[in-house]
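Numbering (numbering that gives the first Met the number 0), first residue to last: 0 to 303. Single-structure report; data block below.
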Amino acid sequence: MKSEEVSLTKWHEDEKVWWDKYGRYMSYQWKLTPSLNKILRADLESDYVEFLLNPTESLLDLGCGSGWLSLYFAERGMKVLGIDISQEQIDASNSLRDQGRLENLEFECCDLVNWNSVKHQERFDNVFVNAFLHHLPEVELEMMFHKIATVLKPGGKVYMYEPLRSSSGTRCIGVRMVDAISSRMMHLLLNLLPGWFDLFSDEYKTELKNGYQMSSPHEDPIDIELIKKFCSDSFEVIEMKGWHLFSLGFAMQSMALKESVRGTYAGLAALWFRIDTILLRMFDWQDFSQPHRFILCSVKLLRK
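Rendered as structure tokens:
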């Protein structure tokens, strides 16, 4: 038991060190350019806004990062608490809050595994889970869902945006062909061509010299069967939906390139998003699932 506790402590330390060190650059990549963000995320943003936004209600933003989503809902009248493990990210969030002079917006820095959810029992109408659960070890996922259930009012809503995995996909020949072609194209466009023609930005080169890796030490997509299992007592699963197969990863990695070529790559990312959209109509996102592949999905939950 002692060894397991040490191992989990080390896990959290590794993730926190990575986020403290590279969170600013990851946030830069994650935000994309305004035009790319509009193309790739407009439908997703409409989906979670329609599900969660109510000016008379409250929202808990778990894994709030630099606070942009918390700010969005607070500006529209909701009472919002954003929580993140990184003090640097919380400092950035507080700057946003102070600029907007929003009294209905708070931020707190803490490791959510150690967060005292009992003092917030049934405080929130809504929870947004912002791509942080996949940084946790599986043994702690059940505890996190219990904490989320604790802070939600009966009938409260949860919107999760996380990379998911599944072993239920068919992996038919069409899917395998798409995978093979996409992998080769991604490697060519994001690794080979930028290396041959010196297309990487100076900022990205500096981050690489500092040890930057796009993935944190322990992050991994969450098995949807675990979500179903841990939610069964307290939540009703309303919907699970795949949003991005290849396009978001391509767009984020293209932010490492020089400004002069980003326009071209933005066009390619937009094309890839249209292909993603077609593929997700033809197949289930689970058909594309593979170990360690990040397929960004939304999960809508209702507190029983």
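The beta carbon of each residue, even a glycine, is placed where N, CA and C say it ideally should be.
When C-alpha distances from Trp-29 are compared across Lys-303, Trp-67, Phe-234, Gly-262, the shortest belongs to Trp-67. Taking 7 angstroms as the cut-off, the beta carbon of Trp-271 is found closer than this to the beta carbon of Phe-249. The shortest C-alpha to C-alpha distance from Gln-289 to any of Asp-197, Asp-178, Leu-198, Gly-210 is the one to Asp-178.
For Asn-190, the secondary structure class from DSSP, reduced to helix, strand or coil, is helix. Residue pairing by DSSP puts Lys-299 in a beta bridge opposite Tyr-158, Glu-238. Around the beta carbon of Met-176, a 10 Å sphere encloses fewer than 16 other beta carbons of the protein chains shown; the residue is thus reported as exposed. Glu-139: member of the alpha helix (DSSP H) spanning 137 to 150, first to last residue. By a beta-carbon distance limit of 8 angstroms, Asn-129 contacts Gly-62. Their separation comes to about 4 angstroms. Between Ile-172 and Phe-282, the alpha-carbon positions lie close to 12 angstroms from each other.
Judged by DSSP secondary structure, Lys-37 falls within the alpha helix (DSSP H) whose first and last residues are 33 to 51.
DSSP assignment within the segment 202 to 252 yields the following whole beta strand (DSSP E) runs of 3 residues or more, N-terminal first: 234 to 243. When secondary structure is reduced to three states using DSSP, Glu-105 falls in the strand class. For Leu-70, the enclosing alpha helix (DSSP H) stretches over residues 67 to 74. Gly-154 and Arg-261 have their C-alpha atoms some 44 angstroms from each other. Out of Asp-222, Met-184, Tyr-211, the CA that lies nearest to the CA of Gly-168 is found in Asp-222. Assigned with DSSP and collapsed to three states, Phe-293 falls in coil, not helix or strand.
Taking all protein chains in view, the Cβ of Trp-195 is surrounded by fewer than 16 other Cβ atoms within 10 Å, so the residue is classified as exposed.
When the Cα atoms are used, Asp-42 and Lys-15 turn out to be separated by approximately 31 angstroms. DSSP links Ile-172 through a beta bridge to no other residue. The beta carbons of Arg-122 and Val-150 sit about 6 angstroms from each other, so the pair counts as a contact at 8 angstroms. For Glu-141, the CB contacts under 6 angstroms within the same chain, skipping 5 residues up- and downstream, are Phe-229 in chain order. Boundaries of the beta strand (DSSP E) harbouring Phe-127: 123 to 129, taken from the DSSP string.
DSSP places Ser-57 in the strand class (E or B) of the three-state scheme.
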